[in-house]
Every structure is written in C-alpha cells, then in structure tokens.
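Asks: In terms of our numbering, the sequence shown opens at residue 45 and continues consecutively.
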Amino acid sequence: MDAVDELLSIRAAELYYEENLTQEEIGRSLQITRWKVGRLLTQAKEEGFVRIEILHSRARRPQLERRLLDERGVGAIVVSRAGVRNEDELQQRVAQAAADYLTALRPSPRVLGVSWGRTLSDIAHHLRDGWSSGTDVVQINGGVSMSQRPGTAAATAVSIAQKGGGAAALLPSPAILEHRATKEAIEADRMVARVLETARAASAYLFSAGAADHRSVHVDSGYLTPADIDRLVAAGAVGDVVGRYIGGDGRIVDHDLDARTVGISLDELRGADVAIAVIAGEAKREVAAAVVASGLCSVLVTDESTARHLLDG
Numbered sequence: 045m046d047a048v049d050e051l052l053s054i055r056a057a058e059l060y061y062e063e064n065l066t067q068e069e070i071g072r073s074l075q076i077t078r079w080k081v082g083r084l085l086t087q088a089k090e091e092g093f094v095r096i097e098i099l100h101s102r103a104r105r106p107q108l109e110r111r112l113l114d115e116r117g118v119g120a121i122v123v124s125r126a127g128v129r130n131e132d133e134l135q136q137r138v139a140q141a142a143a144d145y146l147t148a149l150r151p152s153p154r155v156l157g158v159s160w161g162r163t164l165s166d167i168a169h170h171l172r173d174g175w176s177s178g179t180d181v182v183q184i185n186g187g188v189s190m191s192q193r194p195g196t197a198a199a200t201a202v203s204i205a206q207k208g209g210g211a212a213a214l215l216p217s218p219a220i221l222e223h224r225a226t227k228e229a230i231e232a233d234r235m236v237a238r239v240l241e242t243a244r245a246a247s248a249y250l251f252s253a254g255a256a257d258h259r260s261v262h263v264d265s266g267y268l269t270p271a272d273i274d275r276l277v278a279a280g281a282v283g284d285v286v287g288r289y290i291g292g293d294g295r296i297v298d299h300d301l302d303a304r305t306v307g308i309s310l311d312e313l314r315g316a317d318v319a320i321a322v323i324a325g326e327a328k329r330e331v332a333a334a335v336v337a338s339g340l341c342s343v344l345v346t347d348e349s350t351a352r353h354l355l356d357g
C-alpha cells in the first residue's frame, strides 16, 4: 500500500467506523468510487489500522481457534479477555464457554467422564437444565476429600448428570492413597472396579488441569502438602491432570505417587476420541502447553492469553 492509499484507508476507516457514514457517502466525501472505499476498508483491517473487538462476555477469538487447530492440531474454544477485571471473572467466562460447548456437542455423549476441582464445579454451575436429554456421568478419578469441604467432587458429577437427564456413577475413593497396596486393594473392590470400567468406556471426557503450586486443590483437600508440591516442581512438574503430575513433555514425574493415584490413566485419556480440557489463566499456561503438546485433549477451552502463549511459546 502506497502512502496515498494508506492515508485514504485511515480516513475511510474513520468515516466508516467513527462517523457511521455509508461507503457511498465516504466515496463522495473522498471523491473516490464506492468500490475503492470497500477495498480501503479491507486494507485497513489487514494492515492493523482497525481492530474490531467484540466485548460481550461470551465472545470468542476465531482466528486463534483456527491457528491452534492448524499449528498445534487441537480443536479450540478461545474466549476473549476484553473487559475482564480479574482472574475469577476470566475463569467464569471459560467455564461458561465449556458449558456452551458441551451443550452444543453432537451427538451428545451417552456417558461423560468428568474430573473434579474448582473449574469443573464452575462448569456444572453454568450448565443449564436440559443441556442433554440423557447423558450419564462417571467420575474418572478419585475425589473423596479430606478437607473441610467434603462432597465437592460428587456434587459436581451429580449436578452435571441431573441437568443432563442422566445418572451419576461416583468413584468412592480418595484421589491419592498413602500406600500403593491400599490403592490396588481399593481399585480391586467390585464397586470401584465397576465405576472405573464405566469410566474407561466413556463416550467423552471433560477435565481440567491444576498448576503445580501451593494453591492446588490437592493441597486444599489434604492429599499433598506444600512440601510435596515443592518436591514435584523440583522433579519437573508443571501441573496435574486427573491427579497425575506431569512435566512439560506430558510424562509422569513421580511414578510412586502416580501408582498411588486412583482413576483412569493418562494413556487412556490420551486415547479418547473426545477429550475436552478446560484450562485457563496465567498460572496454568505451562500445564496447558504440556496437555496440548502431549495429545491429552482433542479440544481445549481456554482464554486468548493462554492461546497466544501456546502459539508463540
């Protein structure tokens, strides 16, 4: 674009977007054809002179979604950060987007495997009654809490199932056991084994990931101590997926801890046709990158800053 067209492009954009003139009116004002006005407006967007930003809380970033699919091979729902005042508000936007995606998913999953935690609880809250006409829900990792907030994991699964016209199959086990033998005995229990069998055969999975820091739900729930987290970070952990701590390459960093963790394995999750990961926020960028790079999800629901980190990192 030469200097004359650049100035004309800027002036046409000002008249069109700020003065609300029609292309025909702009053509008369600038003494050019209506067709050239249209071309100048297109060039203004292509050159970055004009940036159109949709400020609604449910607005998405289609360009970033396309890039994640083309460059990282993952389907994506990317929410806008425009107008976001804090991280809590961002998390609610992402949870709403995940609820919207799950509602629009066709065919609706016959059995949905879910993890637990703050993000899944928020998604359950945002799902509306009747989001599905008959989806059963099964927990895919242990969630019986030792904290002062018992029942959160079960309540999340039950809420998603009730709103989707189905039943919930709960995994009656802690997420992490103190001894490997105890974990193996629990998974051998007939009731637990049946739930795990259902989990491994789920039509789709919905899960989040946690950052490897002291704010982890595993610390809050009493499974791990802050010192445990420090040790995991020193071993290369960037976060956890369904209670299993991974490094930047998506591999398990502590095999002893993993052997004491109840639920489906990461390889089982990785092999699913539909695995929806809901991960957002600055603290979770590294674990989001590990999840995408190691193929743990087929769809990522995230925010635009995390999406840019995945693309530019």
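Backbone N, C-alpha and C fix where the C-beta goes; we use that ideal spot for every residue, glycine too.
What does DSSP give as the partner residue(s) for Asn-185 in the beta ladder?
Replies: Asn-185 pairs with Gly-307.
Asks: For Val-123, which three-state DSSP category applies?
Replies: In this structure, Val-123 counts as strand in the three-state DSSP scheme.
Asks: Less than 7 angstroms between the CB of Val-158 and some heavy atom of the ligand ATP, yes or no?
Replies: The ligand ATP is absent from the structure shown, which contains no ligand whatsoever.
Asks: Give me whichever residues DSSP pairs with Asp-180 in a beta bridge.
Replies: Asp-180 is bridged to Val-155.
Asks: So, with DSSP's three-state summary, where would you put Ile-296?
Replies: Residue state, collapsed to three classes: strand.
Asks: From what residue to what residue does the beta strand (DSSP E) around Asp-284 run?
Replies: Here the beta strand (DSSP E) through Asp-284 covers 283-285.
Asks: On the three-state DSSP scale, how would you describe Tyr-249?
Replies: DSSP places Tyr-249 in strand when its eight states are reduced to three.
Asks: Just checking, does the segment 132-148 make contact with the segment 159-170 on the three C-beta pairs under 8 angstroms criterion?
Replies: Short answer: they touch.
Asks: Roughly how many angstroms separate the alpha carbons of Gly-127 and Asp-284, rounded to a whole number?
Replies: Those two C-alpha atoms are separated by around 30 angstroms.
Asks: Checking 8 angstroms against the spacing of the C-beta atoms, do Thr-346 and Ala-88 come in under that value?
Replies: It is not a contact, given that the beta carbons lie outside the stated cut-off.
Asks: For a quick check, are the C-beta atoms of Val-336 and Leu-344 less than 8 angstroms apart?
Replies: A contact, by the Cβ cut-off of 8 angstroms.
Asks: Counting along the chain, where does the alpha helix (DSSP H) carrying Ile-290 start and finish?
Replies: Per DSSP, Ile-290 belongs to no alpha helix (DSSP H); it is in the beta strand (DSSP E), 288-290.
Asks: So, is Leu-355 buried or exposed, given that buried needs 16 or more other C-beta atoms within 10 angstroms?
Replies: Exposed is the call here.
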